[in-house]
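Here the protein sequences come in this chain order: R and P.
Sequential numbering of the first sequence, starting at 170, is according to this note's numbering.
Sequential numbering of the second sequence, starting at 170, is according to this note's numbering.
Note that the Cβ used here is the ideal one computed from N, Cα and C, for glycine as well.
Written out below as structure tokens is the structure these notes cover.
There are 2 protein chains.
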Amino acid sequence: MIIEILLVEEIFVADNDCRKNLIVAAVPLFAAKGLNGVSVRELASAAGVNLSMISYYFGGKEGLYAAVLTEQFAILGKLEEIEQMEVDTLQKFELYVRATVSRYRRNPYLLRFYTSELTNPTACFETIIKPAIKRVVQMLLDTFADGLSDRKFRDDLNPTDTVLALAGMINFYFLLEPATAELVDHAPERDEQLIRHIMDIFTRGVLR
Amino acid sequence: MIIEILLVEEIFVADNDCRKNLIVAAVPLFAAKGLNGVSVRELASAAGVNLSMISYYFGGKEGLYAAVLTEQFAILGKLEEIEQMEVDTLQKFELYVRATVSRYRRNPYLLRFYTSELTNPTACFETIIKPAIKRVVQMLLDTFADGLSDRKFRDDLNPTDTVLALAGMINFYFLLEPATAELVDHAPERDEQLIRHIMDIFTRGVLR
DNA sequence: TAAAACTGATCAAACGTTTGAATGATAATT
DNA sequence: AATTATCATTCAAACGTTTGATCAGTTTTA
């Protein structure tokens, strides 16, 4: 049975036009080339504003980058809706998988910032990315613990290995897309099949 | 039963000292900061050679980066030993997992180059990284096809989703380490347990 | 002694940031 | 009601620094 969920993920809107334009234009640029791969002139030009506005509003290029990451990861850390749902543990794992797919589809840049910071961390890693990731992993660990105390899950499984396996299955699928597009059909139409597939393998793996 | 394998992975050694020093010094720098995050002066200084040697031997910074990636991914693409082994399909998947873990442990920079190019691709992506990744995925797909024709595996599974799930479980574990070190024990001593764990889940998922 | 390896100095271009002036709207003063 | 002062915002220009690359010259090697 498919769990119907409504994930409300409002987009942050700055009060100021110039400031907003900079963030909106910076997202795809930073996501594609990284912090050091984009120049302030490129950013300002893409936003259609004067380049000094970057320093004025964000204190510099790194400030703009931090603002972009803050906005992007505010979405990732929102797990309350999942946590508070009164469903069984397996369904909670499915909710996480569905939320992840939904977020990556809505925001195609999120995963790039995510993995870019994991591989080439900037100052933002410790302040923004690491806490967000730990939050997600901790939620998954708590869910697994619930499944254990319910005596639904196998008790011979390592909790961290198990939840990272689930997270890995769904995240790696999207991460690999640029390289495997010719080998694998990554069309959004297949998402439902992918989710069922992952949950199928995971369920067989963890159930008693 | 654990499959004992000997993975011979010789390290490329340049005939020239200056050239070799540059590559050796460049690996951790490029891996940590990316192509744009390191300057030629930093590279030359770390290698203990004159700055102009980068252009002399590699035609420029990008040339050195390409040389580093070529060396790194020569290891990743070496799958012949796995392919030619006369073992059943499930054991072949386990060989892949073991080889992956072994390579990431021997070369802690490999995964970083790998994911860095996936998120922020340079000119090397199409020429070096993409072919290497496709090679690995194709090998896994072939192995799955063998398991299907042996009637060992479930025939209702999507082959690509299945092999990407396996690859995701093992790769994501290492990718996430910088963020989850406080939550998850990533010690090499646990690798054997991790491999068994992943193969356990995977086996239950794919077997008839 | 010719070729290869290497050096220090130098180059133009690009970098991120800062400046001081100009703008227009709002608040305070007369 | 008219004038002045203050404010945040925007701009073009220039700042000093760093970038990657080059080149003429020197040393080393064969």
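Buried or exposed by the 16-neighbour rule on C-beta atoms within 10 Å, applied to Gln241/P: By the neighbour-count rule (16 or more Cβ atoms within 10 Å), Gln241/P is buried.
Beta-carbon proximity list for Ala201/P, same chain, < 8 Å, skipping 5 on both sides: Once the five neighbours on either side are set aside, the close Cβ partners of Ala201/P are Arg281.
Interface flag, Ala268/R vs chain P, CB-CB below 8 Å: No, no contact with chain P.
Simplified DSSP state of Met170/R, which is helix, strand or coil: Since pLDDT at Met170/R reaches only 36, below the 50 mark, its modelled position is unreliable, and no value is offered.
Per-residue DSSP class, three states only, for His366/P: For His366/P, the secondary structure class from DSSP, reduced to helix, strand or coil, is helix.
Leu248/R (DSSP reduced to helix, strand or coil): If DSSP states are grouped into helix, strand and coil, Leu248/R belongs with coil.
Val149/P to Arg320/P span [Cα, whole Å]: As shown, chain P starts at 170 and ends at 377. That puts residue 149/P outside it, with no answer to give.
Three-state secondary structure (DSSP) of Leu147/P: This structure does not reach residue 147/P, given that chain P is present from 170 up to 377, and the question cannot be answered.
CB contact below 8 Å: Ser208/R versus chain P: It does not; no Cβ of chain P falls within 8 Å.
Closer than 8 Å to chain R by CB, Val177/P: For Val177/P, the predicted structure reports a pLDDT of 35, less than 50, and the residue's modelled location is therefore unreliable. The matter cannot be settled from this model.
Whole-angstrom C-beta distance between Leu264/R and Thr372/R, which should lie under 8 Å: Not confirmed; about 14 Å, so no contact.
Extent of the continuous alpha helix (DSSP H) run through Gln307/R: Taken as a continuous stretch (DSSP letters only), the alpha helix (DSSP H) holding Gln307/R covers 299–318.
Between the CA atoms of Val306/R and Thr349/P - distance to the nearest angstrom: Here the alpha carbons of Val306/R and Thr349/P stand approximately 8 Å from one another.
Where Arg272/P meets chain R, residues with beta-carbon distance less than 7 Å: Those within 7 Å of Arg272/P in chain R number zero; the least Cβ separation is about 16 Å.
Candidates Lys261/P, Ile223/P, Leu245/P, of which the one nearest Asp311/P by Cα: For Asp311/P, the nearest C-alpha among the options comes from Lys261/P.
Pair within 8 Å by beta-carbon distance, Thr291/R and Ser285/P: No.
Start and end residues, alpha helix (DSSP H) containing Gln260/R: Where Gln260/R is concerned, the enclosing alpha helix (DSSP H) stretches over 258–275.
Assumed close pair Val237/P, Phe322/P - CB separation to whole angstroms, cut-off 8 Å: Not confirmed; about 38 Å, so no contact.
Leu333/P and Lys303/R closer than 8 Å at C-beta: Against a cut-off of 8 Å, the Cβ pair of Lys303/R and Leu333/P comes out as no contact.
Environment of Ile171/P [buried if 16+ CB atoms lie within 10 Å]: Unreliable positioning characterises Ile171/P in this predicted model, as indicated by a pLDDT of 37, which lies under 50. A coordinate reading is not provided.
Burial state of Val256/R, where buried means 16 or more other Cβ atoms lie within 10 Å: Val256/R should be labelled exposed.
Val266/R and Ile370/R closer than 8 Å at C-beta: No, these two residues do not count as a Cβ contact at 8 Å.
Outcome for Ala216/P when other beta-carbon atoms lying within 10 angstroms are tallied against a minimum of 16: It is buried - the Cβ of Ala216/P has at least 16 other Cβ atoms within 10 Å.
Residues that DSSP places opposite Phe343/P in a beta bridge: DSSP, once it has assigned bridges, lists no residue as partnering Phe343/P.
Any chain P beta carbon closer than 8 Å to Ile174/R: Below a pLDDT of 50, predicted positions are generally treated as unreliable, and Ile174/R, at 34, falls in that range; no measurement from the model is reported.
Proximal residues, the stretch 329–348 of chain R versus chain P, C-beta separation under 8 Å: If the cut-off is 8 Å between Cβ atoms, the stretch 329–348 of chain R has Thr329, Asp330, Thr331, Leu333, Ala334, Ala336, Gly337, Met338, Ile339, Asn340, Phe341, Tyr342, Leu344, Leu345, Pro347, Ala348 near chain P.
Buried versus exposed call for Arg274/R [16 or more other C-beta atoms within 10 Å across all chains shown]: Burial call: exposed.
Own chain, CB closer than 8 Å to Asn205/P, minus 5 neighbours either side, in chain order: Cβ neighbours of Asn205/P beyond the five flanking positions: none.
Chain R contact for Leu326/P (CB, 8 Å cutoff): Output row for Leu326/P: interface = yes.
Closest Cα partner of Gly229/R within the set Pro347/R, Ile251/R, Ala195/R: The option with the nearest alpha carbon to Gly229/R is Ala195/R.
Cut-off 6 Å between Cβ atoms - residues of its own chain near Ser269/R, not counting five sequence neighbours on either side: The residue you asked about is not Ser; residue 269/R is Thr in the sequence shown. Excluding positions up to five away in sequence, the list reads Ile339.
CB of Leu198/R within 8 Å of CB of Glu211/R, strictly: Annotated as proximal: Leu198/R and Glu211/R, with beta-carbon spacing under 8 Å.
Short CB-CB distance (under 8 Å) between Gln362/P and chain R: Between Gln362/P and chain R, the shortest Cβ-Cβ separation is below 8 Å.
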